[in-house]
Amino acid sequence: MFWLRFALRSVLRRHRRTRITFLSVGLAVALLIVLGAIMVGVNDTMIRNAVRLQTGHLAIDSPALAFKDAEALLERFREHLPVQDVEAFLPRYGVAGLLRQHQNRQAPLQLVLVDPALEQRWSPLPACLSQGHWLGEEEGLVIGQLLAHELDVKIGERLELVTAGPPLALTVVGVFHTGVDALDRSAGYASLSLARNHSFPALVHIRSALFVSSTAPLASLCQTLQMQAPKPLQVTRWQEKLPEVEQLVRLNEFSMQIMMGLVVLILGFGVANSLLISVMDRYRSYGILKAIGVRPREVMVTVVGEALILCLGAGLLGTALGVVISLGWGQVGLDISHYTSYNPHFSVDPMIYPRLEPLMVFLPQTLALVSAVVASVWPALVAARRGVSSSMREL
Amino acid sequence: MSPLLRLEGVSRWFGSGRTEVRALTDITLDLALGEQVALIGPSGSGKTTLLNLLGALDRPTAGQITIGQQRLSAFSERQACEFRRRQVGFVFQDNALLPELTLQENVELPLVLAGMSRRERLKRVCEVIEQLGLVARYQAYPAELSGGEKQRASVARALIHRPSLVLADEPTANLDAQSAQAVLALLRGLAHQQQLTLLVATHDPRVYTSFEHHLHLDDGRLILSEPSGVPGLGRGLPHSVSG
Numbered sequence: 001m002f003w004l005r006f007a008l009r010s011v012l013r014r015h016r017r018t019r020i021t022f023l024s025v026g027l028a029v030a031l032l033i034v035l036g037a038i039m040v041g042v043n044d045t046m047i048r049n050a051v052r053l054q055t056g057h058l059a060i061d062s063p064a065l066a067f068k069d070a071e072a073l074l075e076r077f078r079e080h081l082p083v084q085d086v087e088a089f090l091p092r093y094g095v096a097g098l099l100r101q102h103q104n105r106q107a108p109l110q111l112v113l114v115d116p117a118l119e120q121r122w123s124p125l126p127a128c129l130s131q132g133h134w135l136g137e138e139e140g141l142v143i144g145q146l147l148a149h150e151l152d153v154k155i156g157e158r159l160e161l162v163t164a165g166p167p168l169a170l171t172v173v174g175v176f177h178t179g180v181d182a183l184d185r186s187a188g189y190a191s192l193s194l195a196r197n198h199s200f201p202a203l204v205h206i207r208s209a210l211f212v213s214s215t216a217p218l219a220s221l222c223q224t225l226q227m228q229a230p231k232p233l234q235v236t237r238w239q240e241k242l243p244e245v246e247q248l249v250r251l252n253e254f255s256m257q258i259m260m261g262l263v264v265l266i267l268g269f270g271v272a273n274s275l276l277i278s279v280m281d282r283y284r285s286y287g288i289l290k291a292i293g294v295r296p297r298e299v300m301v302t303v304v305g306e307a308l309i310l311c312l313g314a315g316l317l318g319t320a321l322g323v324v325i326s327l328g329w330g331q332v333g334l335d336i337s338h339y340t341s342y343n344p345h346f347s348v349d350p351m352i353y354p355r356l357e358p359l360m361v362f363l364p365q366t367l368a369l370v371s372a373v374v375a376s377v378w379p380a381l382v383a384a385r386r387g388v389s390s391s392m393r394e395l
Numbered sequence: 396m397s398p399l400l401r402l403e404g405v406s407r408w409f410g411s412g413r414t415e416v417r418a419l420t421d422i423t424l425d426l427a428l429g430e431q432v433a434l435i436g437p438s439g440s441g442k443t444t445l446l447n448l449l450g451a452l453d454r455p456t457a458g459q460i461t462i463g464q465q466r467l468s469a470f471s472e473r474q475a476c477e478f479r480r481r482q483v484g485f486v487f488q489d490n491a492l493l494p495e496l497t498l499q500e501n502v503e504l505p506l507v508l509a510g511m512s513r514r515e516r517l518k519r520v521c522e523v524i525e526q527l528g529l530v531a532r533y534q535a536y537p538a539e540l541s542g543g544e545k546q547r548a549s550v551a552r553a554l555i556h557r558p559s560l561v562l563a564d565e566p567t568a569n570l571d572a573q574s575a576q577a578v579l580a581l582l583r584g585l586a587h588q589q590q591l592t593l594l595v596a597t598h599d600p601r602v603y604t605s606f607e608h609h610l611h612l613d614d615g616r617l618i619l620s621e622p623s624g625v626p627g628l629g630r631g632l633p634h635s636v637s638g
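Heads up: the sequence lines are chains A and B, in that order. Take the first sequence: its position 292, counting from 1, is numbered 292 in my numbering, and each next residue is one higher. Take the second sequence: its position 181, counting from 1, is numbered 576 in my numbering, and each next residue is one higher.
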């Protein structure tokens with residue numbers, strides 16, 4: 001305890017050295033926390049965009065079924081959903097067909113039958129409309145911008161949907177632009193009531209999306225639902241459905257780890273340099289201590305103690321600063337559309353909201369402490385190993 | 396008086412070959428418990444080197460140093476540390492207080508190392524500081540003390556743990572005559588009171604004339620060991636200063 005008090009006095013006594021080291025450690029910790037929050041925010045945005053637009057957190061799929069069977073199957077599945085974890089369940093049915101225009105232009109179409117009201121609330125698609133309006137009418141159809149351009153269709157124009165059965169007439173009520181090429185070029189959305197009221201002739205694939213709360217344990221929930229789901233329903237996590245997004249998230253985390261490693265490394269060198277200069281400046285003090293009978297181990301404790309005190313104090317301050325900046329920034333958000341306008345993962349919603357995760361709050365401080373202790377070993381050894389008589393010559 | 400320290404043919408050389416410096420050559424002497432001796436010699440004569448050897452801060456290149464029944468020159472680093480901690484008190488030339496600690500904490504330090512309880516430490520520190528007339532400067536940092544006050548505090552630190560040997564290296568070098576006399580009187584008085592061996596290295600006549608026993612060093616050799624005013628004793632031969 002005495003030696004830690006001695007270390008504290010040394011820290012307080014060397015104002016300039018302490019201020020500079022304190023500032024660098026504090027800012028490094030704050031920077032790491034803010035960078036961590038931005039990384040989490042970027043991942044959130046990517047996942048949110050992809051999940052809301054496409055699969056949901058959990059995707060429920062089936063092979064081709066008659067529409068009525070598919071609807072009955074999904075109703076049975078819905079009965080097993082744990083109310084506390086589920087935020088929304090969006091029934092969706094996919095139909096592959098051909099969209100034919102009156103001038104005999106035609107293009108393949110992946111039609112998705114949806115509940116317009118639920119989609120309006122949960123999917124970003126209605127907000128991506130560049131022309132017309134969202135679904136509501138029984139025979140309405142919303143298609144992607146590229147598809148509309150290819151078929152040269154206008155709002156209000158009637159098209160034919162050709163599937164295995166007799167063709168269905170649909171009216172284009174809206175055109176959307178998501179920035180996701182596959183959707184804009186070949187996807188179309190129509191109301192579920194179309195299938196319900198017209199004894200839908202084609203076979204459909206269930207393509208439903210389940211949204212769960214952020215605290216829900218996704219993996220175990222997926223496993224449980226899969227066990228309870230009536231066959232042949234398949235429950236899949238978004239990570240498996242959208243591996244490219246999952247990879248980007250991992251890449252982002254890996255980049256952050258490298259950044260964190262570099263900052264901690266530089267921090268370590270900075271602390272080592274600061275302590276080494278301080279030790280060299282105080283050879284005479286260490287000489288006195290050793291002459292009095294202080295053991296090398298105790299000398300080391302004073303040097304390592306200085307590093308600990310400096311980095312603990314500066315780290316706490318840096319953590320507070322980082323948390324305040326991240327929370328503030330998280331409220332305002334950061335529009336990165338300038339850098340991501342051609343990136344499908346950000347085209348729907350380019351806003352990033354930095355978010356703090358407990359690990360990213362405590363990790364920088366812990367790393368700074370560990371780095372400081374490791375960095376202080378060298379100066380501590382220099383102080384402890386220097387011969388007593390050579391230290392005494394500094395007197 | 397029984398011998399506390401015995402040096403037999405002790406030499407200390409630094410470097411090797413053409414750069415070799417012979418700081419001490421073939422020193423043989425005894426120091427008895429309670430003895431007070433002035434170590435005299437010009438700058439570079441080896442006074443500090445001899446003090447370092449006696450205080451286990453350094454090891455001799457040749458020869459043996461014995462304290463009681465123990466061979467100091469064969470001590471491990473840990474044993475040397477323990478020896479300094481328990482049996483030696485150092486008074487350095489100047490400014491040898493730790494700037495990070497207050498006067499009280501500087502004086503208290505050897506007791507902390509001895510593992511004494513805080514209560515006992517404070518009690519003894521209070522006694523000594525009062526004895527030295529430094530009560531008003533109890534919580535002052537070294538930078539706030541005068542040269543004389545610092546040296547008195549150094550004396551207190553050297554003696555507070557009641558060592559058997561006190562080594563003082565030019566303790567009055569940077570003090571005015573009045574302060575020098577005060578510090579010296581204090582050092583000798585306390586050493587006498589505690590019956591400990593005191594060796595003071597100096598080239599200041601005001602200091603060494605007050606000692607009965609002198610050791611004269613020149614160019615690393617012990618050229619004279621004498622009771623005051625009786626020159627020429629024991630030149631180059633093993634002998635006891637205490638006679």
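All residues carry an ideal CB built from backbone N, CA and C; glycine is no exception.
Opposing strand residues paired with B:W408 [DSSP bridges]
B:R417
Should B:R583 be flagged as near chain A, meaning a C-beta pair shorter than 8 Å?
no
For a contact meaning CB atoms closer than 8 Å, what does A:I309 contact in chain B?
Here the premise fails: no neighbours, minimum Cβ distance about 13 Å.
Quick one: using the 10 Å Cβ neighbour count with 16 as the cut-off for buried, is A:H80 buried or exposed?
exposed
Which chain B residues are close to A:G305, counting only those with a beta carbon under 9 Å from its beta carbon?
Result: empty, since nearest Cβ-Cβ is about 12 Å, beyond 9 Å.
Through-space distance from B:E495 to A:L12, alpha-carbon basis
Distance between the alpha carbons of A:L12 and B:E495 is about 9 Å.
Partner residues on chain A for B:V507, Cβ-Cβ distance less than 7 Å:
F2
Beta-carbon of B:E515 versus every beta-carbon of chain A: anything under 8 Å?
Output row for B:E515: interface = no.
Could one say the Cβ of B:G439 lies closer than 8 Å to chain A's Cβ atoms, at least one of them?
At a cut-off of 8 Å between C-beta atoms, B:G439 does not count as an interface residue with respect to chain A.
Excluding sequence positions up to five away, which residues of its chain have a Cβ less than 6 Å from the Cβ of B:L527?
If you ignore the 5 residues before and after B:L527, its C-beta comes within less than 6 Å of the C-beta of R547 and A551, all in its own chain and listed in chain order.
For a cutoff of 8 Å on Cβ pairs, would you count A:I258 as touching chain B?
Chain B, which has no Cβ nearer than 8 Å to the Cβ of A:I258, makes this no.
Does the distance from the C-beta atom of A:Q101 to that of A:V153 stay below 8 Å?
Result yes, Cβ atoms of A:Q101 and A:V153 sit closer than 8 Å.
Beta carbon proximity, B:E415 to chain A, threshold 8 Å
no
Roughly how many angstroms lie between the CA atoms of A:V162 and A:P358, to the nearest whole one?
53 Å
Determine, using beta carbons only, whether B:F470 comes closer than 8 Å to chain A.
Proximity of B:F470 to chain A, defined by a Cβ-Cβ separation below 8 Å, is not satisfied.
Cβ atoms of A:Q110 and A:T96: under 8 Å apart, would you say?
For the record, residue 96 of chain A in the displayed sequence is Ala; it is not Thr. Cβ distance < 8 Å, so A:A96 and A:Q110 count as in contact.
Give the C-beta separation of A:P354 and A:S337 to the nearest angstrom, bearing in mind that I take them to be a contact with Cβ-Cβ under 8 Å.
Contact flag wrong, Cβ pair sits at about 16 Å.
Extent of the continuous beta strand (DSSP E) to which B:Q459 belongs
The continuous beta strand (DSSP E) containing B:Q459 extends over residues A457 to I462.
Taking Cβ-Cβ distances shorter than 8 Å, what residues in chain A pair up with B:R479?
K290, A291, I292 and G293
Whole-angstrom C-beta distance between B:I555 and B:R519, which should lie under 8 Å:
6 Å
At the level of alpha carbons, what is the spacing between A:R78 and A:G174?
30 Å
Please state the DSSP three-state secondary structure of B:Q465.
strand
For A:L159, list the residues DSSP reports as bridge partners.
A:L170
Considering only residues of the same chain and omitting the five flanking positions on each side of A:A187, which have a CB-CB separation below 6 Å?
Q110 and G144
Cβ of A:S10 less than 8 Å from any chain B Cβ?
Yes, its Cβ sits closer than 8 Å to a Cβ of chain B.
Cβ-based burial, A:N104 [other Cβ within 10 Å; buried from 16]:
Taking every protein chain shown into account, the CB of A:N104 has fewer than 16 other CB atoms within 10 angstroms, so this residue is exposed.
Nearest chain A C-beta to B:A491 closer than 8 Å, yes or no?
yes
Check A:R92 in the structure and name its three-state DSSP category.
DSSP places A:R92 in the strand class (E or B) of the three-state scheme.
Nonlocal neighbours in the same chain, by C-beta distance under 8 Å from A:V204, ignoring five residues either side
A64, L65, A66, F67, A70, Y93, G94, V95, L113 and A195
Under the rule that 16 or more other beta-carbon atoms within 10 Å means buried, what is A:G328, buried or exposed?
exposed
Closer than 6 Å by C-beta to B:Q590: which residues in its own chain qualify, once you throw out the five before and the five after it? Chain order, please.
G429
Which of the three DSSP states is assigned to B:Y533 in this structure?
coil
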